[in-house]
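Q: Numbering (this note's numbering), first residue to last: 81 to 903.
Don't be surprised by glycine CBs; every beta carbon is placed ideally from N, CA and C.
I have a structure I would like to understand better, so I am pasting it below and will then ask my questions one at a time.
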Amino acid sequence: MELVARIALNAATYAIDKPYDYLVPPQLADRLVPGMRVIIPFGPGNRRTEGLVLALEEAAPAGVALKPVLTILDEEPVLDGQALKLALWMRERWFCTVYDAARAMLPAGLYYALQDRWKLADGVDRETAYEAAGKSEHARRVVEVVVSQADGADVATLRAAFGDKDPNPALRLLRDKGVLTLETSAARGVGDKTQQVAVLAIPPEEALAQVVPRRRSAPMRCAVVELLCALGEAAAKEICYFTGASMPTLRSLEKSGILTLEKREVYRRVAVEGVEPAVRPILNQEQQAAFAGLDALASAGKAAVALLYGVTGSGKTQVYLNLIYEALARGKSALVLVPEIGLTPQVMRLFAAHFGEQVAVLHSALRAGERYDEWKRIRSGKARVVVGTRSAVFAPLKDLGLIVLDEEQEASYKSENVPKYHAREVAKFRCVQQGALLVLASATPSIETMYQARQGIYRLFTLTRRYNQRELPPVDIVDMKEELRQGSGGDLSRPLLAALEEGAVRGEQSILLLNRRGASRMVTCGECGEAPDCPRCSIHLTYHSANGRLMCHYCGHSQPLPDACPHCGGAFNFIGAGTQKVEEELREALPGREILRMDADAVSATHSHETLLGRFEAENIPVLLGTQMVAKGLDFPNVTLVGVISADQSLYADDYRAGERTFALLTQVVGRAGRGEKGGRAIIQTFTPDNEVIRKAARQDYDGFYAQELALRELRGCPPFRDLFIITASGRLEGAVLRTCMRLRRTLEGWLALPAYREIHAKLLGPAPAAVARINERYRYRLTLACANTRPVREMVAALLRAAQTDKENKGVSVSADVNPLD
DNA sequence: AGCACGCCGACT
DNA sequence: GTCGGCGTGCTC
């Protein structure tokens, strides 16, 4: 008998992902446990890859000899039995490999990078090596590269030296002659959250003296140095943004000794210590009723899902804080998930105040090492309450009694990367595993969740009473078409400007929400209507006034704004509002009033969210203008006016969730306007004032919106009536991508006609170009399969993906699948 | 995806 | 005879 490990491999692609059997050598046998990661040889070349041990079995030696496990990477298992089951389920559910799932579940700080280095074998000097290489040009080049490097050459360096040629045959030849050896080491990948900072290495005058005379031949070098002289030091990314320079330019300046590039940690941990302990919140009658019902579910020890539907300000948080107290009292642990934008220092402080040292915080802004520390605290049982964003759903809590998803409709719960999981579904699975209660909390639940609740599949608890019984603020909907007719062509209507001015005169504050990504605006030619496109992606470039350049939001390409339209010579116009443009318009309309801008640009530079919001409140700045993130400032007592600059921008996006997203946003804004003593009002600007989504949001009429939207979803065949499987093909040649898509469609049509799949009743759409048809010189087309998400359908889609990856006809085209994407 | 193996043309 | 380019099939 021998010990065999069944292992999921990092190197396996989706098409060949399955457990592979390896022999456990006797000297490793007593240390190896399922859930540990190992290094194993894979493929004909026995290249080293990482693997995750799924199971260990005693077996009689088979006919063919198994390859051995080489190294164990972990002292203790990193995933327990339930986590391994979750990984297997994720593969089935989201079309990823088991290892993809495992990677998503583990903190990055745990990560090992395998480093393969080719070195001269012991006792071999460079002369012998060159001799062995003989006349082979490739072999000589390999030796050249290897001897030029003190501790051997890594694979990437060799690849680079060979251009598009393959160094492998030469490497193998030299290895077989005993000249070269390959060493594999596993290096911990901690500290990956760093950024490059450029610092002048010599006095500014000297630096300028070196580059200015050569401004003509090297304008970028000159621009970079001038910027650095002004700033002293700056992040490499920012330098590239402001000057249009690229990283190679910075590296060449480093080589010339003019500047140095240093790696620095980006994130700092938010201190939570020194928080006053809080007492368990007391509930009003309505909250108490919801709490009692939920707690009865939680204490039953059977898995359940509940929707806690409570209007803004009804105190959902107090309810689930009480549930956590109860869970802890029963010896259970609790997990609270918040959307990315919702995990603020206030939230962290709130939980620290209630649960002190028992709280662990997991979010994307933690450094790899810190995240790893928190992960260990959770696994050891020291932390029993976890607050975190999407990936915290995998927190290794034992005896999980409760998971809360706050603002459950938020898009940030769906992962955009492989595996493209939804935290709500993962949470549901974990609750089933542990017999725990899942609480979905929201003032504007997603249509799917409310549908399940009304069907009786989820238990529904409702909070209708607003905090201190405050009335809803008056909401004005301003018709921007009418504004235009009256000759007011800007982004700000006269009623909004008047209200802003009035507020400022009274010393009150206003918040303006620009419902749109970043600081951007489209540019079109006023004569021919042409808009500049990204040369690599099929999307329009947007203008950034901070650096005066056109940029691509997908690949980061940037170029100067042309003086005139290259097609007809006409002048460029700006359409759509960006925060920077609105800011300029505001400054003109409200001379002398201070305006604070808060968008991705303003925040990433030097000031965090928090410092900006803090300034807004402390300095009583009259106007705060920004993207979604300003919604966090709505609770300040002196804010009496909230303006939505263009409700249309998200409403007319081309996906089925646009209505839901817009409704949730407007409802939140209106519901929270004027919470303070002074009351308040909201103004919504739109070109379509009769739109029912906008009107219902203004009235906080969720039920009306739900009824209308549900009917629409049924008509369109969207969730919750059908799930959408999006199968995307991408590649460099548009024709090949489209042909692959057509073949996939024919295959699916054939399969759907088979008796085995007769029950599916699917609707098949496409091929259609993806929303952004080309990204980074790759074309993307997609098929949509609309039907219920059942096991046979998932098996069919999985079979399609495997077939597509194996089919030689699809060379150069990759195919992937996603379920109910949110974009 | 990577990698070996096998086949074939180019150059010595 | 090699060397190196390219197509095909497998990965415990």
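1. Between the C-alpha atoms of G713 and I591, what's the straight-line distance to the nearest angstrom?
2. How many angstroms separate the CA atom of L401 from the CA atom of P361?
3. Just confirm the distance between the C-beta atoms of L415 and I338, as a whole number of angstroms; I'd bet it's less than 8 angstroms.
4. Provide the residue span of the beta strand (DSSP E) that contains T542, from first to last.
5. On the three-state DSSP scale, how would you describe R45?
6. I need the straight-line Cα distance from L374 to G515, nearest angstrom please.
7. Tell me whether the beta-carbon of V817 lies closer than 9 angstroms to the beta-carbon of Y861.
8. Given this structure, state the Cα-to-Cα distance separating Q513 from A384, to the nearest angstrom.
9. In chain order, what are the residue ranges of uninterrupted alpha helix (DSSP H) at least 4 long that sit wholly in the stretch 670-728?
10. Rounded to whole angstroms, what's the CA-CA distance from A27 to A314? Just pull it up for me.
11. Counting along the chain, where does the alpha helix (DSSP H) carrying M822 start and finish?
12. Count the other C-beta atoms from every protein chain shown that fall within 10 angstroms of the C-beta of R871, then say buried if there are 16 or more, exposed otherwise.
13. If you pair each beta-carbon of the stretch 729-746 with each one of the stretch 612-620, do three or more pairs fall below 8 angstroms?
14. Restricting to Cα atoms, I'd like to know which of G649, R457, V467, G846 is closest to L417.
15. Check whether the stretch 147-166 and the stretch 117-134 touch, using three or more Cβ-Cβ pairs below 8 angstroms as the test.
16. Going by the beta-carbon positions, is the gap between A188 and A167 smaller than 9 angstroms?
17. Applying the criterion that 16 or more other CB atoms from any shown protein chain within 10 Å of the CB defines a buried residue, is S460 buried or exposed?
18. Alpha helix (DSSP H) containing R464: first to last residue?
19. In angstroms with no decimal places, state the Cα-to-Cα distance between V222 and N126.
20. Since V304 and I319 should fall inside the 8 angstroms C-beta cutoff, what is the C-beta to C-beta distance between them, to a whole number of angstroms?
21. Please go through the same chain and pick out, in chain order, the residues whose beta-carbon is closer than 6 angstroms to the beta-carbon of K494, but skip the five residues on each side of it.
22. What distance in whole Å lies between the Cβ atoms of G892 and G811, which are believed to be in contact at a cut-off of 8 angstroms?
23. Following the continuous alpha helix (DSSP H) through L630, name the residue where it begins and the one where it ends.
24. Assuming L721 and F696 are in contact, meaning their beta carbons sit under 8 angstroms apart, how far apart are those beta carbons, in whole angstroms?
25. Is the separation between the beta-carbon of V603 and that of L641 shorter than 9 angstroms?
26. Quick check on H647: buried or exposed, where buried means 16 or more other Cβ atoms within 10 Å of its Cβ?
27. Taking the straight line between their C-alpha atoms, what separation do you get for L905 and S573?
28. Let's test the definition: count the other Cβ atoms within 10 Å of the Cβ of P249 and tell me whether it reaches 16, buried, or not, exposed.
29. Ordered along the chain, which non-local residues of its own chain (more than five positions away) have a Cβ less than 8 angstroms from that of V473?
30. Opposite F805 in the DSSP bridges: which residues?
31. DSSP three-state call for L387: helix, strand or coil?
32. Let's see if you can read the secondary structure: which residues bound the alpha helix (DSSP H) around T742?
33. Which two residues bound the contiguous alpha helix (DSSP H) that contains Q426?
34. Tell me which residue opens and which closes the beta strand (DSSP E) that Q639 is part of.
35. Quick one: what's got a C-beta closer than 8 angstroms to C867's C-beta in the same chain, skipping five residues either side?
36. Does N248 come out as helix, strand or coil in the three-state DSSP assignment?
A: The relevant details are as follows:
1. 8 angstroms
2. 8 angstroms
3. Contact doesn't hold; Cβ gap of about 50 angstroms is too wide.
4. 539-543
5. The structure shown has nothing for residue 45, since the chain only spans 81 to 903.
6. 14 angstroms
7. yes
8. 11 angstroms
9. 680-685, 689-698
10. Only positions 81 to 903 of the chain appear in the structure, and residue 27 is not among them; the question remains open.
11. 814-832
12. exposed
13. no
14. V467
15. yes
16. no
17. exposed
18. Looking at the DSSP string, R464 is not in any alpha helix (DSSP H), and its letter there is neither H nor E.
19. 20 angstroms
20. 6 angstroms
21. H502, L902
22. 5 angstroms
23. Note, L630: premise wrong, no alpha helix (DSSP H); beta strand (DSSP E) at 629-631.
24. At roughly 14 angstroms, the Cβ-Cβ gap does not stay under 8 angstroms, so L721 and F696 are not in contact.
25. yes
26. exposed
27. Outside the shown range of the chain, which is 81 to 903, sits residue 905, and nothing can be said about it.
28. exposed
29. L415, L417, I483, A503, V506, A507, R510
30. L865, V899
31. strand
32. 738-752
33. 425-435
34. 638-640
35. R802, D803, F805, I840, H841, A842, K843, V873
36. helix
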